[in-house]
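This report concerns only the one structure given below.
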Amino acid sequence: MSVLGSDVLKNKKEQFKNILRTLLKIALILSQTAVFAHVWLNEYNNYIVVPFVQKGNWFFYAVYVILLAIFLRCFDGLKYGMYRKTNLITAQILASFATAFIIYLQIVLLAARFVTVVPLIYMFLGDVAIIFIVTVIGTFLLKKLFPAKKTVVIYDNYSPDVFIEKLSHRKDKFLVTDIINVSEGIEAIEKLINASETVLIYDVHSEMRNKILKLCFENNVRTYTTTKVSDILVRGAESLHMFDTPLLLYRNIGLTFEQRFLKRTLDIVVSLIMLIITSPILLLCAIAIKLYDGGPVFFRQDRGTMNGKIFRIHKFRSMIIDAEKDGAPRPAENKDPRITPIGKFLRASRLDELPQLIDILMGNMSLVGPRPERVEHIRQYTEEIPEFQYRLKVRGGLTGYAQLYGKYNTTPYDKLQLDLMYIQNYSFFLDIKLILMTVKIMFMKESTEGFTEENSKKIRDKNSD
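What follows is the structure in structure tokens.
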């Protein structure tokens, strides 16, 4: 088959895959809307002051579709073929619950009184059944019709072994067939590119990376590349034109006055509401910690935030008393014996982070932003990675890109890149999305993984130098 014929076939296959994804999205949303329509017509329409007729009903169905689509997008629940099945199902269930909650509030307003929630509970259970059916069938079809792509990994100075280990967890997407170092030469690399379906460029210097990208573009080969700090700064730049010359503008000032005002307003409103709502949970956690060993309820520690400011963070104590009595920082490890049984539950459920709502209300933290690091770690990481200080252009946050997409044991350089992605692409609506995504991540275990004993020892050794 000619190269042109192969490219046409590849494009048709990709188009068919996109069509299948779109059909799955439509099936999911329309099926749930049909269940809502049944519940609305047979249960709730008669409750409202002036019952809707045909056009009014269709308008309310449209409102439901819009709300469901918004929440599915916010929770990343429509990325068939990109995320794991469990990830999609979790996101879709949360989106359905959020939509049902908002719809109930609208029904209460239309009825001018509180009405029964039982029909909506049945609707939600029906939605869960639909989610499982559509997502299980959809992911099965995508996996069978579009198996993992033959992937070549191209690397430079640093070994890609750790990254390849990550790829092994997505065997439905990547089948690593070749690994090649750039020292082999561009001709050897081009041969592997032409024989592969996907190219993954791992930490290759810019000159060679540009050559490889152009080869992949010419040959219509899908390409992934790990990022560097400069790549993220470019993504956050503003596109301009000086007559017929394209320009990129890097403001490099953090957030504007308007963005800081909106962000602070959101912090105050949400943290105050959440403190009121979660006050019974806060009280129960405090009592449980006190009853276990009689020690202090809160764990307080110096952390760094915007412009290098140091503050004392609040957390529920999850470790034994004097866990760091020698004064040397020691990150939590997997199966760390210092973590109490109460602390293990608090960490797994993220409840140990709840007292940081106090720090947010006080203005030391924000709801969304880079995780405030220990002062010792900031000093150490900045010595190793000077760009680490770029994270301090905004307030530290309770949640953010690094917390959602990283893990407790994510490397400092990866944390830096994730946090810079947030800073460079900040918007008020991005904050809203990340807050909603935080609810989703609470149901997923991966992000609570601690450091291995080996990595923890390295950190202790560096701090003792």
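Per the working numbering, the very first residue in the sequence shown carries number -9; after that it's consecutive. Don't be surprised by glycine CBs; every beta carbon is placed ideally from N, CA and C. In this text the structure is predicted, and so the values were computed from the model without any measurement.
Using the Cα positions of residue i and residue j, report the straight-line distance between them to the nearest angstrom.
i: residue 373; j: residue 300; result: 18 Å
i: residue 284; j: residue 311; result: 9 Å
i: residue 44; j: residue 235; result: 55 Å
i: residue 291; j: residue 365; result: 9 Å
i: residue 393; j: residue 402; result: 12 Å
i: residue 86; j: residue 109; result: 14 Å
i: residue 278; j: residue 288; result: 12 Å
i: residue 428; j: residue 178; result: 44 Å
i: residue 245; j: residue 421; result: 13 Å
i: residue 449; j: residue 259; result: Note that residue 449 scores a pLDDT of 43, beneath 50, so its modelled location is shaky and nothing firm can be said.
i: residue 274; j: residue 433; result: 21 Å
i: residue 25; j: residue 77; result: 23 Å
i: residue 412; j: residue 96; result: 33 Å
i: residue 238; j: residue 98; result: 50 Å
i: residue 73; j: residue 8; result: 15 Å
i: residue 198; j: residue 180; result: 12 Å
i: residue 209; j: residue 192; result: 19 Å
i: residue 431; j: residue 217; result: 24 Å
i: residue 211; j: residue 200; result: 14 Å
i: residue 103; j: residue 255; result: 31 Å
i: residue 454; j: residue 425; result: Low local confidence applies: a pLDDT of 41 at residue 454 is under 50, so the model's placement there is unreliable, and no value is given.
i: residue 249; j: residue 257; result: 12 Å
i: residue 298; j: residue 332; result: 33 Å
i: residue 6; j: residue 20; result: 21 Å
i: residue 303; j: residue 353; result: 11 Å
i: residue 175; j: residue 182; result: 11 Å
i: residue 112; j: residue 3; result: 39 Å
i: residue 344; j: residue 309; result: 16 Å
i: residue 36; j: residue 42; result: 8 Å
i: residue 330; j: residue 339; result: 14 Å
i: residue 64; j: residue 146; result: 36 Å
i: residue 231; j: residue 251; result: 30 Å
i: residue 139; j: residue 160; result: 11 Å
i: residue 368; j: residue 396; result: 18 Å
i: residue 1; j: residue 11; result: 15 Å
i: residue 423; j: residue 228; result: 22 Å
i: residue 130; j: residue 22; result: 21 Å
i: residue 50; j: residue 416; result: 33 Å
i: residue 437; j: residue 81; result: Confidence in residue 437 is poor, its pLDDT being 46 and thus under 50, which makes the residue's placement unreliable; the coordinate value appears in the next sentence. Taking the straight line joining both Cα atoms gives about 16 Å.
i: residue 305; j: residue 419; result: 27 Å
i: residue 148; j: residue 166; result: 18 Å
i: residue 447; j: residue 242; result: With a pLDDT of 48 at residue 447, under the threshold of 50, the modelled position of this residue cannot be trusted, and the question is left open.
i: residue 445; j: residue 400; result: At residue 445 the pLDDT is 48, less than 50, meaning the model places this residue with poor confidence; the figure from the coordinates comes in the next sentence. Looking at the two C-alpha atoms, the distance is approximately 11 Å.
i: residue 14; j: residue 135; result: 14 Å
Anyone know if the C-beta pair for residue i and residue j falls short of 9 Å?
i: residue 168; j: residue 137; result: no
i: residue 67; j: residue 132; result: no
i: residue 93; j: residue 118; result: no
i: residue 268; j: residue 347; result: yes
i: residue 296; j: residue 384; result: yes
i: residue 124; j: residue 276; result: no
i: residue 386; j: residue 294; result: yes
i: residue 410; j: residue 194; result: no
i: residue 142; j: residue 186; result: yes
i: residue 253; j: residue 356; result: yes
i: residue 490; j: residue 89; result: The shown model of the chain, from -9 to 455, leaves out residue 490, and the question about it has no answer.
i: residue 408; j: residue 380; result: no
i: residue 272; j: residue 265; result: yes
i: residue 370; j: residue 223; result: no
i: residue 75; j: residue 126; result: yes
i: residue 226; j: residue 214; result: no
i: residue 121; j: residue 79; result: yes
I believe residue i touches residue j by the beta-carbon criterion, under 8 Å. Please report the beta-carbon distance rounded to the nearest angstrom.
i: residue 473; j: residue 202; result: For residue 473 there is no data in the structure shown, the boundaries of the chain being -9 and 455.
i: residue 286; j: residue 307; result: 6 Å
i: residue 39; j: residue 101; result: 7 Å
i: residue 458; j: residue 107; result: No statement about residue 458 is possible, as the shown extent of the chain runs from -9 to 455 and does not include it.
i: residue 336; j: residue 342; result: 4 Å
i: residue 62; j: residue 47; result: The pair is not a contact, with the Cβ atoms about 22 Å apart (cut-off 8 Å).
i: residue 377; j: residue 406; result: 6 Å
Residue ranges of each beta strand (DSSP E) within the segment 276 to 348, 3 or longer: 288 to 294, 300 to 306
Validate contact between the segment 204 to 213 and the segment 151 to 159 using beta carbons, cut 8 Å, 3 pairs: no
Segments assigned alpha helix (DSSP H), at least 4 residues, entirely inside the segment 350 to 436: 365 to 374, 391 to 395, 402 to 414, 418 to 431
Inside the segment 42 to 66 only - alpha helix (DSSP H) runs reaching at least 4 residues: 44 to 64
Completely contained beta strand (DSSP E) runs for the segment 218 to 244, where each covers 3 or more residues: 228 to 232, 235 to 239
Segments assigned beta strand (DSSP E), at least 3 residues, entirely inside the segment 120 to 176: 139 to 145, 164 to 171
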